[in-house]
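J.:
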Amino acid sequence: MKIGIAGTGRMGAAMALRLMEVGHAITVWNRTPGKTQVLSAAGATVAATPAELVAGVEAVITMLTDDRSIDELYHRPQGLLSGSVEGKIFVEMSTVRPEVERALAERIRQKGGSMVDCPVGGSVEPARAGKLFGFVGGADADVARVRPVLEQMCRRVEHVGPVGAGASMKLAINLPLMVYWQAFGEALALVAPLKLDPERLVSIFSDTSGGPNVLKARGAAAAAAMQGKDSGAVTFDVSLACKDLRMMIAEAESLGMDAPVSRSALKSFEEAVKEGMGNADGAALPARWMKRVKVR
Numbered sequence: 006m007k008i009g010i011a012g013t014g015r016m017g018a019a020m021a022l023r024l025m026e027v028g029h030a031i032t033v034w035n036r037t038p039g040k041t042q043v044l045s046a047a048g049a050t051v052a053a054t055p056a057e058l059v060a061g062v063e064a065v066i067t068m069l070t071d072d073r074s075i076d077e078l079y080h081r082p083q084g085l086l087s088g089s090v091e092g093k094i095f096v097e098m099s100t101v102r103p104e105v106e107r108a109l110a111e112r113i114r115q116k117g118g119s120m121v122d123c124p125v126g127g128s129v130e131p132a133r134a135g136k137l138f139g140f141v142g143g144a145d146a147d148v149a150r151v152r153p154v155l156e157q158m159c160r161r162v163e164h165v166g167p168v169g170a171g172a173s174m175k176l177a178i179n180l181p182l183m184v185y186w187q188a189f190g191e192a193l194a195l196v197a198p199l200k201l202d203p204e205r206l207v208s209i210f211s212d213t214s215g216g217p218n219v220l221k222a223r224g225a226a227a228a229a230a231m232q233g234k235d236s237g238a239v240t241f242d243v244s245l246a247c248k249d250l251r252m253m254i255a256e257a258e259s260l261g262m263d264a265p266v267s268r269s270a271l272k273s274f275e276e277a278v279k280e281g282m283g284n285a286d287g288a289a290l291p292a293r294w295m296k297r298v299k300v301r
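In our numbering, the protein residues as written are 6 to 301.
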């Protein structure tokens, strides 16, 4: 299949490489051209503009930072919707609020195209291996059309409702993940006086009800941060965590409820950003909190 990918940051690039490996013809575009060089070397075609990308493919995947990025990419001069999109299908994979996806899908429908939203669970390594978890929102026929491609990117694909449902599910899934790093930091503070080896601490937590899947996957990075070592490649930075938490709180408010745990975590994460941790991996947050303890 001829597939275009717009947005080749960490996740978009990993997905592009995966899809090339399984036989798809990939065209890419990124606002920062340098981020397409690795993909070009691997055999991808680089489009000069988003409009050019759309013209040469059957399906377009977008993986972007936020709703502003979506608005700019789709609606700018020479943007994804500036030319004909008749019969083409868009797979919007960014983590944004459901209302953003619904509004975009309507714009695409008015131009003769179709769209599903499919934000994913997982980071760069699962994306590279085709082991993400896809949360899909869209009409049955549209989801069926792109399911074969999604199944090459994801270990599990769940169609959870109409367009926007995928976004709702992704925010819900990310909420306990975001607040866990703060909770884990507070838990570590309680045992800081024991002066246990960080790797041993992570191992203990991972083997109990206090250790969710993310600790098994990112525990080594958390332990390295506690020891002041390099925790490896960033998979999800603190600034993005703040963005997601703000969206979760806004979505909760739109449903007539509060999100006190999310608000508390956001406050701590925003403090971390002010301290210069915006580009640090979320797994480094527990170490930051643990350092506040006054060991007796």
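Ideal Cβ positions, reconstructed from N, Cα and C, are used throughout, including at glycine.
For Arg251, tell me which candidate among Glu275, Ala230, Val239 and Thr240 has the shortest Cα-Cα distance.
T.: Residue mapping note: residue 251 aligns to position 246 of the sequence shown, counting from 1. The shortest Cα separation from Arg251 among Glu275, Ala230, Val239 and Thr240 belongs to Glu275.
J.: Going by C-alpha distance, which of Ala11, Ala60 and Met231 is nearest Leu44?
T.: For the purposes of this step, residue 44 is taken as the residue at position 39 of the sequence shown. Its Cα nearest to that of Leu44, the residue Ala11 stands out among Ala11, Ala60 and Met231.
J.: I'd like the span of the beta strand (DSSP E) that includes Gly139, first residue to last.
T.: Counted from its first residue, the sequence shown places residue 139 at position 134. DSSP places Gly139 in the uninterrupted beta strand (DSSP E) bounded by Leu137 to Gly142.
J.: With three or more C-beta pairs closer than 8 Å as the rule, is the segment 264-272 touching the segment 216-235?
T.: Of all C-beta pairs linking the segment 216-235 to the segment 264-272, fewer than three are shorter than 8 Å, placing the two stretches out of contact.
J.: Using the three-state DSSP reduction, which class does Asp249 fall into: helix, strand or coil?
T.: Position 244 of the sequence shown, counting from 1, holds the residue named residue 249. The three-state reading of DSSP puts Asp249 in helix, counting H, G and I together.
J.: Let me know if Gly126 comes out buried or exposed under the rule of 16 or more other beta-carbons within 10 Å of its beta-carbon.
T.: Working through the sequence shown from its first residue, we reach residue 126 at position 121. Gly126 is buried by the Cβ-count criterion.
J.: Can you check whether the CB of Val33 is closer than 8 Å to the CB of Thr13?
T.: For the purposes of this step, residue 13 is taken as residue 8 along the sequence shown, with counting starting at 1. For the purposes of this step, residue 33 is taken as residue 28 along the sequence shown, with counting starting at 1. For Thr13 and Val33, yes; Cβs fall inside 8 Å.
J.: Distance, Cα to Cα, Gln42 vs Thr50?
T.: Within the sequence shown, residue 42 is the residue found at index 37, counting from 1. Within the sequence shown, residue 50 is the residue found at index 45, counting from 1. Cα-Cα distance, rounded: 10 Å.
J.: Along the chain, where does the alpha helix (DSSP H) containing Glu57 start, and where does it finish?
T.: For the purposes of this step, residue 57 is identified with residue 52 of the sequence shown, where counting begins at 1. Looking at the DSSP string, the run of the alpha helix (DSSP H) that includes Glu57 is Pro55 to Ala60.
J.: Whole angstroms is fine: what's the gap from Phe138's alpha carbon to His164's?
T.: Numbered from its first residue, the sequence shown carries residue 138 at position 133. Numbered from its first residue, the sequence shown carries residue 164 at position 159. For Phe138 and His164, the distance between alpha carbons rounds to 11 Å.
J.: Is there contact here, the segment 13-22 with the segment 127-134, by at least three beta-carbon pairs under 8 Å?
T.: yes
J.: Taking the alpha-carbon of Asn179 as reference, which of Arg102, Gly118, Phe95 and Glu204 has the nearest alpha-carbon?
T.: Indexing the sequence shown from 1 puts residue 179 at position 174. It is Arg102.
J.: Helix, strand or coil, according to DSSP, for Gly126 in the structure here?
T.: Numbered from 1 along the sequence shown, position 121 holds the residue referred to as residue 126. Strand.
J.: Is the segment 181-191 touching the segment 150-158, taking contact as three or more C-beta pairs under 8 Å?
T.: Here the segment 181-191 makes no contact with the segment 150-158; the two share fewer than three CB pairs at distances below 8 Å.
J.: Using only the alpha-carbon positions, how far apart do Met4 and Ala30 sit?
T.: Absent from the structure is residue 4, since the part of the chain shown begins at 6 and ends at 301.
J.: Would you decide whether Gln232 is buried or exposed? Buried here means 16 or more other CB atoms lie within 10 Å of its CB.
T.: Residue mapping note: residue 232 aligns to position 227 of the sequence shown, counting from 1. Classification for Gln232: exposed.
J.: Looking only at its chain, what residues have a beta carbon closer than 7 Å to the beta carbon of Ala177, apart from the 5 residues adjacent to it on each side?
T.: On the sequence shown, residue 177 is found 172 positions in, with the first residue counted as 1. Apart from the 5 residues on each side of it in sequence, Ala177 has no Cβ closer than 7 Å to any other Cβ in its chain.
J.: In chain order, what residues of the same chain have a beta carbon less than 8 Å from the beta carbon of Leu85, not counting five sequence neighbours either side?
T.: Counting from one through the sequence shown, the residue named residue 85 turns up at place 80. The residues are Ala11, Pro55, Ala56, Leu58, Val59, Val65, Thr67, Leu78, Tyr79 and Phe95.
J.: My understanding is that Ser128 touches Phe241, with C-beta atoms under 8 Å, so please give their C-beta distance in whole angstroms.
T.: On the sequence shown, position 123 is the one that residue 128 refers to. On the sequence shown, position 236 is the one that residue 241 refers to. 6 Å between Cβ atoms; contact.
J.: In chain order, what residues of the same chain lie with their CB nearer than 8 Å to the CB of Gly92, ignoring the 5 residues before and after it?
T.: Taking the first residue of the sequence shown as position 1, residue 92 is located at position 87. Contacts found: Gly117 and Gly118.
J.: Determine the DSSP secondary structure at Val33, reduced to helix, strand or coil.
T.: Residue 33 sits at position 28 when you count from the first residue of the sequence shown. The answer is strand: DSSP assigns Val33 an E or B state.
J.: Compute the Euclidean distance between the alpha carbons of Val219 and Val27, then round it to the nearest angstrom.
T.: As a working mapping, residue 219 is identified with position 214 in the sequence shown. As a working mapping, residue 27 is identified with position 22 in the sequence shown. Whole-angstrom Cα-Cα distance: 28 Å.
J.: So, helix, strand or coil for Lys7, using DSSP?
T.: Position 2 of the sequence shown, counting from 1, holds the residue named residue 7. Note: Lys7 maps to strand in three-state DSSP.
J.: With a CB to CB cut of under 6 Å and the five nearest residues on each side skipped, what residues in its chain are close to Gly169?
T.: In the sequence shown, residue 169 corresponds to position 164, counting from 1. Excluding its 5 nearest sequence neighbours in each direction, Gly169 has C-beta neighbours in its own chain below 6 Å: Pro103, Glu106, Arg107 and Gly142, listed in chain order.
J.: From Ala144, Ala264 and Arg293, pick the residue whose C-alpha is nearest to that of Ala197; which is it?
T.: Working through the sequence shown from its first residue, we reach residue 197 at position 192. Closest option to Ala197, Cα to Cα, is Arg293.
J.: Please state if the CB of Ala188 and the CB of Pro124 are separated by a distance shorter than 8 Å.
T.: The residue given as residue 124 occupies position 119 in the sequence shown. The residue given as residue 188 occupies position 183 in the sequence shown. No.
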